[in-house]
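Below is one structure, written out as structure tokens, with a few remarks after it.
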Amino acid sequence: MRATGIGSFPGEHQRDFDTALAVVLDELAADERGLPFLPEVPGRGAPAGMTGRTLGVVSELDADLQPSGWRLTGSSGAPPLDQRRARSQLGQDLDSLEEQASTHAGAFKVQLVGPWTLAATVERPRGDKLLADHGARRDLAQALALGVADHVADLRRRLPAATEIIVQLDEPGLPAVLSGSVPTASGFSRHRTVHPPEASEALAWVLGAIAGAGATPWVHCCAPDVPVGLLRGAGARGVAVDLTALAAADLDVLAETLEAGDSVVLGVVPGTDPEAVPGDGEVTDTVLRWLDLLGLDPERVGDRLLVAPSCGTAGASAAWARGSLRLLRTAARNAT
């Protein structure tokens, strides 16, 4: 069993990102039980958030910031200022990564927003979400596929010794997209349901681009009703879920995921400061009981099972953001 994080960290300044990266590398990179990752510090502003960082990767579409959030501009000229800032911020973060971890010889994970959460978040040039426009959401997914391939190539250049690059697509909005519960701009209605074949096709474009670039595609969703079967069918070789949000029906498909040789990341500690901090033995026992319920041997599962916070830790204190990684790493070591 290994330990990792979902992505986000608290902080408001560039120095907070540098500190977060140092924490991740210190807690996870130097231990075979750890999977280090590129942290996000969304408190630095919208260009540094999960949507801004992802739009910084997408070079085929231009976007700017409006009071309601990110919006495609529909222009074909130079990228808008806000998107340029997002790209510059990501470039700074990757420069810091290269400086601190260029000799890292293990696996390394990065995170981007998946096509459906992006479509449910970003607006069209004339208003309302991209989700409302079949053609626009198709263009977005294809542009994201091109962007992630270039992103993986850049990461390979910066981390030449890494044995594996993992790209995690964050899709917290996917269950709402599938159930037709994403509100329209007015708030008085809901966007139409996206049916599973279309959802799978768009995910497959992006996940396939990640795999085609030589990286391992994962998908994270901390919402209830995670469509694990759909994610795996679209090409995800790892799924990250919140253990407390799982339904009984999820158990079999997660067991199948592990038995097929793919990875499962279980969110087993809160993403914000808990009232009572659990002990590492308690966390280990929770995971072992879950494996026992599935009828799986911990030794057989091995490194394909990971533990993490239930979601990102941007809303946590700096102490818990670090302490949760240390706790998870110790719990993972206990299980081996």
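According to the working numbering, the sequence shown is numbered sequentially starting from 218. Using N, Cα and C, we set each Cβ at its ideal position, and we do this for glycine too.
The secondary-structure analysis by DSSP pairs Gln283 across a beta bridge with Gly286. Secondary structure at Thr433: strand, using DSSP grouped into helix, strand and coil.
Proximity of the segment 369-382 to the segment 420-437 meets the contact definition, three or more beta-carbon pairs being nearer than 8 Å. Among the bridge pairs identified by DSSP, Val327 is matched with Val384. Under DSSP, Arg219 forms a beta bridge with Leu523. For Asp459, the enclosing beta strand (DSSP E) starts and ends at Gly455 to Asp459. Nearest Cα to Glu315 within the set Arg355, Leu255 and Ser285: Leu255.
The residues Arg261 and Gln309, in chain order, have a CB closer than 8 Å to that of Gln231 in the same chain once the five nearest residues on each side in sequence are set aside. Note: Val485 is not bridge-paired with any residue in the DSSP secondary-structure output. Annotated as distal: Ala220 and Leu513, with beta-carbon spacing of 9 Å or more.
Within the same chain, Cβ atoms closer than 7 Å to the Cβ of Thr410 are found at Leu395, Ser396 and Gly397, the five residues on either side in sequence being excluded.
Looking at the backbone, the Cα of Ala324 and that of Phe405 are separated by about 46 Å. A distance below 6 Å between beta-carbons, with the five flanking residues on each side excluded, links Ala303 to the following residues of its chain, in chain order: Pro264, Gly269, Leu272 and Gly273. Setting aside the 5 residues that flank it on each side, Val470 is surrounded in the same chain by Val445 and Gly446, each with a C-beta closer than 6 Å to its C-beta; the list follows chain order. A distance below 9 Å separates the beta carbons of Ala548 and Val524.
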